[in-house]
Every structure is written in structure tokens, then in C-alpha cells.
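> One structure is given below, represented as C-alpha cells, and several questions about it will come after.
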Amino acid sequence: MSALSDRLRPSSTFSVAEEVAPLLEQVRSDSPLIHCITNAVVTGFTANVLLATGAAPAMVDIVDESGMFAAVASGLLVNLGTPAPEQRAAAREAVAGATEAGTPWVLDPVAIGALPVRTALAHELVAERPSAIRGNASEILALAGISAGGRGVDATDTPDAAADAAASLAERFGSVVAVSGVVDLVTDGERVIRIANGDALLTRVTGGGCALGAVMAAFLGVARGTSVSTLTAVAAASLFYTVVAEQAATQAAGPGTFAVALLDALSSTTAEHIVRAARVEVFVA
Amino acid sequence: MSALSDRLRPSSTFSVAEEVAPLLEQVRSDSPLIHCITNAVVTGFTANVLLATGAAPAMVDIVDESGMFAAVASGLLVNLGTPAPEQRAAAREAVAGATEAGTPWVLDPVAIGALPVRTALAHELVAERPSAIRGNASEILALAGISAGGRGVDATDTPDAAADAAASLAERFGSVVAVSGVVDLVTDGERVIRIANGDALLTRVTGGGCALGAVMAAFLGVARGTSVSTLTAVAAASLFYTVVAEQAATQAAGPGTFAVALLDALSSTTAEHIVRAARVEVFVA
Amino acid sequence: MSALSDRLRPSSTFSVAEEVAPLLEQVRSDSPLIHCITNAVVTGFTANVLLATGAAPAMVDIVDESGMFAAVASGLLVNLGTPAPEQRAAAREAVAGATEAGTPWVLDPVAIGALPVRTALAHELVAERPSAIRGNASEILALAGISAGGRGVDATDTPDAAADAAASLAERFGSVVAVSGVVDLVTDGERVIRIANGDALLTRVTGGGCALGAVMAAFLGVARGTSVSTLTAVAAASLFYTVVAEQAATQAAGPGTFAVALLDALSSTTAEHIVRAARVEVFVA
């Protein structure tokens, strides 16, 4: 079988932008409870991104609490940025709880590749079939076993270079895979969505990428039990977040004011604006 | 004996607003050292709130340091938001050190109820008779044994619904109990203070409530050894913080700019403004 | 031998300000990977300061990852603000990895003196000969064995009062020692640089000092393998950071807006402006 990227043809039957409105509205009205197990650097920013979006964040990353909490939460994020021993055990417990209860969950394999503890944990957790996997190209390549990963948290490969690795992960684990970069790529192994929105300032704010994983969990939380696919929810979250980043950049004089403006814009940007600003391409195999 | 809420009558002999000036002035001039054991999401914001108010924050949450530090600090906050094992042990040690030295301390039983580890720890620590307990209505009800708690960090009950639970906790443990909500409620079991100041944006910033617990510890720190009661200091801290939030909201375009403006306003708001803006009712049994 | 401070004479042969330009340009173009092991309060702010400056931060503070990561990073910061057991072990591992690989590293002995766990660790780590040591005067005095330290994270002594202690540490461990205060002092034991730039608002933002240690690691990272001395790189980092703080203060209405403006200014301030604004004195023994 040839690689997915060779078989893709443009599709005009599916508009991600139009899927954003109902999901965003539901996040804002229902305030889904999002369980975050995330790294020590971005906890506050991630919680603020969720609150600004309309969701209710909760960081429950200790043993004997994370499993039961994942079962009652609307969505779960497991981010491996600073996986201390207690948090590793809590992540395993949370994934088991989410799986048992059917809670959608997102795996963010931060900086895997050369670092052995998180790499082993990422391979272990991905086998539990996350609803979605979010990372930069280097991380997705490393998770697919193709590369030793980047030099840390920043991508040294492009999302398109990771397209086949993403599709392979998607097929193998039944996950939607989102690769962040200048153009974001989202795939379920059969369809590929390219989102050209965003702003370089997102890479100058710590947690700019990590927080998107939490927004995906929120969108998955409200999509659960509806006819909206995981692919659609993940792509809609990415589109929402990157268009908001463009809005914020218009108010920013640098990375400090950008991060502040991003939180304001997450709370105020309308679905209508998302539709107008969207630069999305959809391909099918 | 009937519930406290049935026996209350309005009082005009006591003005919380006029008590704010000397306490705020003393925090700003003395810079009391406030020992924080708090959750991983809000550490930075809490420290910044204390610094902006005029206090000196220090996060000392490891075993073999927290006990001795609580003994020399002016005030202590124990917040149970992310109680990892080392932090649980450090919290116990800090409470013992504070009790031995007479350091006033505040317990914030974040998200207790259904989550077993923090719930057990909250019940253990409250028996050590904190100077003050701060929480939302669901948490106060859960600590009083009346409810299984909310779905996490956000309140699903109103402060007034928790008034009798708060009074019961106050009587049982000799603590002043502060219940955060649209109208905040502070009680020592005999008097009830209702503070109608504040802004909904406080609930859209992570740590908006947690940081108030730290401000209470600062006000308790400067009130210690004076004729100012614990009830007065806790209510004055709540009034100060919620009026400042109103000030900040006038400068805010959303949750991002609000959090920034809150820090500015904590540092600049005058006691005279607090008196003018206060919307406080006092009741006695 | 008389104390260093008695033997100093002004020098006009060395301009710190003119050394800033090439180092800053190289940080911005090379984006050196800076390994941070730092306290739980300031992780996000520290990462954002590094990103705004142009470096790539990574917090790797777990056992079995920190040693190998320190070996590939361009620079390492070890800050002892909240040294939980896992982080203590990871710090030892990182220092060993950095030493083996020749990675420059900065030790920030936060609040040492009375607190026994961090004090013992600081004395253990300083014996591994950090490239630079950064602290307030109380911390430097305590590390030199002269004082029991301040009451926590804020200095109760002035940098000039710690000049001889700093020089003694510099000679004993081959480290450049930077003492933060109203006038910063940087010494290698033979030369003393006094930097009068900065703004009091830096002391009202948590991590205002801690993040400077990370910026020093970034400047040391790009200076490595060049003819630029450790003294020059550390002084240039201090000068850059404190002039940027002055720039930020002109945009600030309080500590909230100051922290935001600081991140913007870290990203936009030019080397030319640093030269114009520098208030630096250099002395030689």
C-alpha cells in the first residue's frame, strides 16, 4: 500500500469551519469539566486557556484520585512534559479510568524521542488508544518510531513531513493525530485536514501548543455522544485556536501582550469570525 | 438550637470597610512573610497577588523545611488543589509548626467531596483548628459533612446555602469560615458578614479564588497580636480583594487583561476607595 | 591578603555594554536550548522570559532524563526554590551531566541559610563548580558561610555588603558570582562589575530574579567555545535584563502590566539601546 500522502485528493464536501459554531457554543454553554494532567511549566496557562474558552479545568494528577476523576470528567488531557513519578502513575490511572468510562482523551507526547522516561511512557499510553494525539512533527515522528525526535520542545521537522507517520499512528491506534506547525495537519488515516491559520507568536509563549491539547479535550468532551466525529472535533479545536491566535496577534506588541490578548480573544471570538478567517484544506484518500 | 441563619439580625455597630485601611497599610509597610503550600496550577499567580498586595510570598512545600518555616512566617496558606505525597507530608508539618508557634493559617479544601485523598487530608487538617477556612459553597458543605461536594473546583451551591454549614464548622473548630460566591459570606459562628462586591471575571482566571486565601493569610499575619479579630481580618481581606476585582474589571477586555489589571489594582487601590465601594451587610445572632 | 573590596580600582579598559550586542544577536539567531531545573512558582515565567529573549527553554527535572539532557543543552539553570526529592536527585544528575559535557551552568541558591534541605544541597552543588552563581546578598552571604541567610526569598542585605563573600566564592569555586539588588554586582574574584540599571518593579513580580539566572545560562550558552569570558557573559546578561526592565517600567501601571511589558521588551529591545542606557562601573584588583 502506498503512503497516504500519495493517495490524497482534495475534497469539497466537508467544511471544518462550519463545524466550529455548534461545538464552540456548546463548550461556552455547558462548561465541560476537563481533566488535565500536564507539565509543571504550563499548568496555569492551560487552565486559563480552558477558562477563557468556556470550559472548567481541573488538574488532578495524584494516585488514587486521577482514575475516578477521569471517569466523571468530560475530557482528559495527558501531557508528558514533566513526568515525575507520581504523575506518571496518575497518568496511567487516569487513562484506565477514561477508557473504562468512555471519556475522550488526548495524548501530548512532549519532547519524546531521546528522553527515555517519557518516551517509554508515551509508547505505553498510545497503546491504550487515545482519542487524539497532539504534537509537533518531531514528536509524531518519534511516536511512530521513525525519528529519534527533536532537541526538545520545538519542532525541527514540518507537519507535512510527518503526514505519513501521523496517518500510520492514526490507523494503528484508532486515534486522530494532530501535528502542529506553520500549517497544522489533522488526520484520521483516511482524511487529512490542513489548517493554515495561526501566528508565529504562539511559539513564543510557553504552553502555546500544550494548551491546544486541552482545547481539543474540551471540544471532544462536547462532541461525545453526538454525530460529530473525533476528526471534526479535533480539527475544529485547532481551527478555533489558531484563528484566535491571529486575532490576538493584531493586539500584540510582543509575546507578553500576545499571551494576554490570546486569553481575551478565546473568550470573545465568534464562530462567524472563525468561518470568515478559516484557511482550511481537506483531502481524502 | 435553631440554625444560625434563622437567628440572625442586622447589625450596624461594625463596619468591615473601615477596618481595611489599617490592615492594608500594615501589609504594605511591613511586607509580612506568607508561607504558601498551594496547588501547582496557581503558584505563580498566588505569589504575584501577594507581591502586588505588598506581602512577601514563599512557597516552602517540602518535608524538613515546611515546619520550621511556618513557625517563622507571619501567615500560612494550605491549599489542597494538587496534593502530591511530598506536599501532603509538608502540609502536615507546616500546620504543626504554625500551631506550635501561633502562626495564623488558612485552609483551602479545594475540590473536596468525591476525591478521597484530599478529602481525608482536609478532614485531618481542619481538626488542627485553622484560623480560617476558605472555599466555595460545595467545598464548605463537603467539609461540614453535608454534601459530597461539587464536580471539581467550581461551586454548584451558593454561599447562602452553605451558611449553616459554615457556622457549624466555625463553632466546631474555632475557625472563621469564608464562602466565596456571587455574594461572599464570612462567619465566626456568631456573626455573619455578606460581601456583595466582586466580578464574574474572577471565576474566569485560574487561582482567582485560591489567591484570596493567601491574601487572608497576609491580613491575618498583620492582625496577629493586635485587637483586630480573625473575623475582621478575614472579612477585610475578602472586601479588599473583591473591590479590587471590580476596579480591575473596569480595565479589562476579557479574562487575560483582567488578570493583569487585578495585579495592578492590588498594588494601587486605596483604602478610601474600598470604603466608598463596599457593599457589606453584617448580621449577629 | 586584604579583602577584594579594599583593593579595587576603577577600570576603563572594558565595556560590558559593548559586549551585549554580539551575545544577544547570537541568542536571537541560534535559539540556544536552555535546560531549566527551577522552582514550581516561576516555571512558566522563566520559560516565557527565555522564549522572549530568543532562547528555547526546556524543563527536564526528573531522574534518568536530566543528566543526558544537560549534556546536550547549551546551558543549564539549577534553581533551588522548591527542591522536592525527585528534583533534588534530578539536579544532581543534571550537574554531573553538565560537568561531563562542559555545559555551562548557573546555580541559584534560593532562600538558603536557615532552611536545611536546600542549604545542604546548595553547598553540595557549589562544590561541583558552577559557571555562575546568582542570588541576592543574603543568599550569597549564606553560601559563603558568613550569614544564616535572609527570611526567605527577598534580600535583607545589599550586594555591596556581599562583595567580599562573592569574591571569596568566586575564587574558591572558579565561578562568576552575581549578586542582585538595587545595584547588581558581578565578580570573578579579580574584577567587580556594578550595574545600576533595573527597576523596583522587578521585585514585585515573582520570578523577576529567578528568570535572570535562566538568561545568564542562555548568554553563557552562546559564549561557550568563544573568546568571551564567563564574567562578560554573566554581566552582559544582567545588563541586558535590567535595562529591559527599565524599558518595561515605562509601559507599566503596576506589577501586572510590568510583567507583560517585560516579556515584550525582552523580545524587542535593541543592543544599541542597551549601550545608551547602561550604567556600569568596572573595577579591577
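Residue numbers (the working numbering), protein chains in the order written: chain A, 1345 to 1629; chain B, 1345 to 1629; chain C, 1345 to 1629. Glycine included, each C-beta is placed from N, C-alpha and C at the ideal position.
1) Tell me which residues of the region 1606 to 1627 of chain A have at least one Cβ-Cβ distance to chain B shorter than 9 Å, keeping chain order.
2) If you draw a straight line from the alpha carbon of Glu-1362 (chain C) to that of Ser-1349 (chain C), how long is it in whole angstroms?
3) Pull up the distance between the alpha-carbon of Ala-1593 (chain B) and that of Ala-1544 (chain B), whole angstroms please.
4) If you run the structure through DSSP and keep just helix, strand and coil, what is Ser-1571 (chain A)?
5) Identify the continuous beta strand (DSSP E) that holds Gly-1419 (chain B) and give its terminal residues.
6) Which whole-angstrom value describes the C-beta separation of Gly-1388 (chain A) and Gly-1388 (chain B), a residue pair presumed to lie in contact below a C-beta threshold of 8 Å?
7) Closer than 8 Å by C-beta to Val-1470 (chain C): which residues in its own chain qualify, once you throw out the five before and the five after it? Chain order, please.
8) Please state the DSSP three-state secondary structure of Val-1520 (chain B).
9) Apart from the five residues on each side of it in sequence, which residues of its chain come closer than 6 Å, Cβ to Cβ, to Asp-1532 (chain B)?
10) Looking at Gly-1425 (chain C): is its Cβ nearer than 7 Å to the Cβ of Ala-1561 (chain C)?
11) Grouping DSSP H, G and I as helix and E and B as strand, with all else coil, what is Gly-1479 (chain A)?
12) Should Val-1360 (chain C) be flagged as near chain B, meaning a C-beta pair shorter than 7 Å?
13) Find the residues of chain A that neighbour Asp-1408 (chain C), judging by a C-beta separation of less than 7 Å, and give them in chain order.
14) Candidates C:Pro-1401, C:Ala-1615 and C:Thr-1502: which alpha carbon is nearest Val-1526 (chain C)'s?
15) Ends of the alpha helix (DSSP H) at Phe-1413 (chain B)?
16) Could you give the residue range of the alpha helix (DSSP H) that holds Ala-1347 (chain B)?
17) Return the residue from the list B:Gly-1441, B:Pro-1401, B:Thr-1547 and B:Leu-1368 that minimises the CA-CA distance to Glu-1472 (chain B).
18) Based on the DSSP output, what are the partners of Phe-1584 (chain A) in its beta bridges?
19) For Pro-1300 (chain A), count the other beta carbons within 10 Å of its own beta carbon; 16 or more makes it buried, fewer makes it exposed. Which is it?
20) Do Val-1461 (chain A) and Ala-1434 (chain A) come within 7 Å of each other at the CB atom, strictly closer than that value?
21) Skipping 5 residues on each side, what residues in its chain have a beta carbon closer than 7 Å to that of Ala-1384 (chain B)?
22) Contact check, Val-1626 (chain B) vs Val-1360 (chain B) under 8 Å by CB: the rounded distance?
23) In this structure, what does DSSP give as the bridge partners for Thr-1531 (chain A)?
24) With Asp-1637 (chain C) as the anchor, note down where its beta strand (DSSP E) starts and where it stops.
25) Candidates B:Ala-1555, B:Ala-1511, B:Ala-1464 and B:Cys-1380: which alpha carbon is nearest Ser-1417 (chain B)'s?
26) What in chain B is Cβ-close to Val-1604 (chain C), meaning under 7 Å?
27) Under 7 Å, Cβ to Cβ, is there at least one residue of chain C near Pro-1366 (chain A)?
28) Grab the span of the alpha helix (DSSP H) containing Glu-1625 (chain A) for me, first residue to last.
29) Quick one: residues in its chain with C-beta nearer than 8 Å to the C-beta of Ala-1445 (chain A), no 5 flanking neighbours on either side, listed in chain order?
30) Going by DSSP, name the residue or residues bridged to Ile-1381 (chain C).
31) Between the alpha carbons of Glu-1364 (chain B) and Phe-1563 (chain B), how many angstroms are there, rounded?
32) Ignore the nearest five residues each way along the sequence and tell me which others in Ala-1511 (chain A)'s own chain have a CB closer than 7 Å to its CB.
33) Roughly how many angstroms separate the alpha carbons of Trp-1449 (chain A) and Leu-1529 (chain A), rounded to a whole number?
34) Specify whether the region 1583 to 1600 of chain A and the region 1597 to 1606 of chain C touch according to this definition: at least 3 beta carbon pairs, one from each stretch, less than 8 Å apart.
35) Would you say Gly-1600 (chain B) lies against chain A (beta-carbon separation less than 7 Å)?
36) Output yes or no for whether 7 Å exceeds the beta carbon distance between His-1578 (chain C) and Ala-1522 (chain C).
Looking at the coordinates:
1) For the region 1606 to 1627 of chain A, the set of positions with a beta-carbon nearer than 9 Å to some beta-carbon of chain B reads Leu-1606, Leu-1607, Asp-1608, Ala-1609, Leu-1610, Ser-1611 and Ser-1612 in chain order.
2) A direct Cα-Cα distance of roughly 25 Å separates Glu-1362 (chain C) from Ser-1349 (chain C).
3) Answer to the nearest angstrom: the Cα atoms are 9 Å apart.
4) Ser-1571 (chain A) carries a coil assignment under DSSP once its states are collapsed to helix, strand and coil.
5) For Gly-1419 (chain B), the enclosing beta strand (DSSP E) covers residues 1419 to 1423.
6) Right, their Cβ atoms sit about 6 Å apart.
7) Closer than 8 Å at Cβ, skipping near neighbours: Leu-1451, Pro-1453, Ile-1477, Leu-1487, Leu-1513, Phe-1517 and Ser-1519.
8) Strand.
9) Excluding sequence neighbours, Asp-1532 (chain B) sits near Ala-1514, Val-1520 and Leu-1575.
10) Cβ atoms of Gly-1425 (chain C) and Ala-1561 (chain C): not closer than 7 Å.
11) In the structure shown, Gly-1479 (chain A) sits in a strand (DSSP, three-state: E or B).
12) For Val-1360 (chain C), the answer is no, since every Cβ of chain B falls outside 7 Å of its Cβ.
13) Neighbours of Asp-1408 (chain C) in chain A, taken as residues at a C-beta separation under 7 Å, are given in chain order as Pro-1460 and Val-1461.
14) In terms of Cα proximity to Val-1526 (chain C), the closest of C:Pro-1401, C:Ala-1615 and C:Thr-1502 is C:Thr-1502.
15) Counting along the chain, the alpha helix (DSSP H) containing Phe-1413 (chain B) begins and ends at 1410 to 1416.
16) Taken as a continuous stretch (DSSP letters only), Ala-1347 (chain B) belongs to no alpha helix (DSSP H), as it is neither H nor E.
17) Considering only alpha carbons, the answer is B:Gly-1441.
18) Answer by DSSP bridge pairing: none, since Phe-1584 (chain A) is not bridged.
19) Summary: the structure shown does not reach residue 1300 (chain A), with chain A confined to residues 1345 through 1629, and so no result is reported for it.
20) Going by C-beta atoms, Ala-1434 (chain A) is not nearer than 7 Å to Val-1461 (chain A).
21) Excluding sequence neighbours, Ala-1384 (chain B) sits near Thr-1426.
22) Taking the Cβ atoms as the reference, Val-1626 (chain B) lies roughly 7 Å from Val-1360 (chain B), within the contact range of under 8 Å.
23) The partner list for Thr-1531 (chain A) (beta bridge, DSSP) reads A:Val-1521 and A:Val-1536.
24) Outside the shown range of chain C (1345 to 1629) lies residue 1637 (chain C), about which nothing can therefore be said.
25) Reading the sequence as shown, one finds Ala at residue 1417 (chain B) and not Ser. Looking at the Cα atoms, B:Cys-1380 is the closest of the given residues.
26) Correct list: Val-1604.
27) Closer than 7 Å: no.
28) Under the DSSP assignment, Glu-1625 (chain A) falls outside any alpha helix (DSSP H), being part of the beta strand (DSSP E) whose first and last residues are 1624 to 1628.
29) Within the same chain, Ala-1414, Ala-1415 and Val-1416 come within 8 Å of Ala-1445 (chain A) by CB-CB distance, once the 5 residues on both sides are set aside.
30) Bridge partners of Ile-1381 (chain C): C:Val-1422.
31) According to the sequence as given, residue 1364 (chain B) is Val; it is not Glu. The alpha-carbon atoms of Val-1364 (chain B) and Phe-1563 (chain B) are separated by roughly 9 Å.
32) Answer for Ala-1511 (chain A): Leu-1348, Thr-1531 and Gly-1533, listed in chain order.
33) The straight-line gap from Cα to Cα measures roughly 19 Å.
34) As far as the Cβ criterion goes, the region 1583 to 1600 of chain A touches the region 1597 to 1606 of chain C, which means the pair count is three or higher.
35) For Gly-1600 (chain B), the nearest CB of chain A lies under 7 Å from its own CB, placing it at the interface with that chain.
36) Here residue 1578 (chain C) turns out to be Val, not His, going by the sequence shown. Contact: yes.
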